[in-house]
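Numbering (the numbering used here), first residue to last: 20 to 144.
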């Protein structure tokens with residue numbers, strides 16, 4: 020049932036938007052800072068935990084998997100309409116947030132790799 024996938028995607032998106040808005044307020048910026056990225060990370064992490072902890076009908080699993088895989092193209096399409104020129108001309112916040120987010124992702128790759136290897140070993144034992 021694809022409706023469960025839509026509900027799962029919508030919940031992750033809304034939570035990410037709220038967190039991004041509060042990060043923006045905390046930084047003194049009027050806009051959302053990283054809400055889409057936070058939602059994407061939340062979707063991937065909760066999707067993985069969701070499959071490990073529960074056993075669902077095959078149709079429900081297919082719906083959640085379908086919409087979680089559709090999230091990235093939809094968010095890229097939504098982000099493409101943003102005005103990057105205005106964001107860059109109004110300050111360095113966009114540049115610094117991009118550098119920080121990219122750096123954090125690069126630094127987390129070894130940690131996530133070790134974590135996934137540990138989880139793989141636990142699941143095979």
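Idealized CB from N, CA, C, for every residue including glycine.
DSSP-derived helix/strand/coil call for residue i
i: residue 52; result: coil
i: residue 121; result: helix
i: residue 39; result: helix
i: residue 86; result: helix
i: residue 47; result: coil
i: residue 111; result: coil
When the options are compared against residue i, the one with the closest alpha-carbon
i: residue 60; options: 133, 26, 35; result: 35
i: residue 31; options: 133, 52, 120, 56; result: 56
i: residue 58; options: 40, 117, 45, 71; result: 40
i: residue 65; options: 130, 24, 113; result: 24
Per-residue burial, residue i [other beta carbons within 10 Å of its own, 16 or more giving buried]
i: residue 49; result: exposed
i: residue 86; result: buried
i: residue 127; result: exposed
i: residue 137; result: exposed
i: residue 130; result: exposed
Cutoff 6 Å; reference residue i; Cβ partners in own chain excluding five residues on either side
i: residue 27; result: 83
i: residue 37; result: none
7 Å Cβ shell around residue i - same chain, five flanking residues per side excluded
i: residue 52; result: 39, 42, 43, 46, 116
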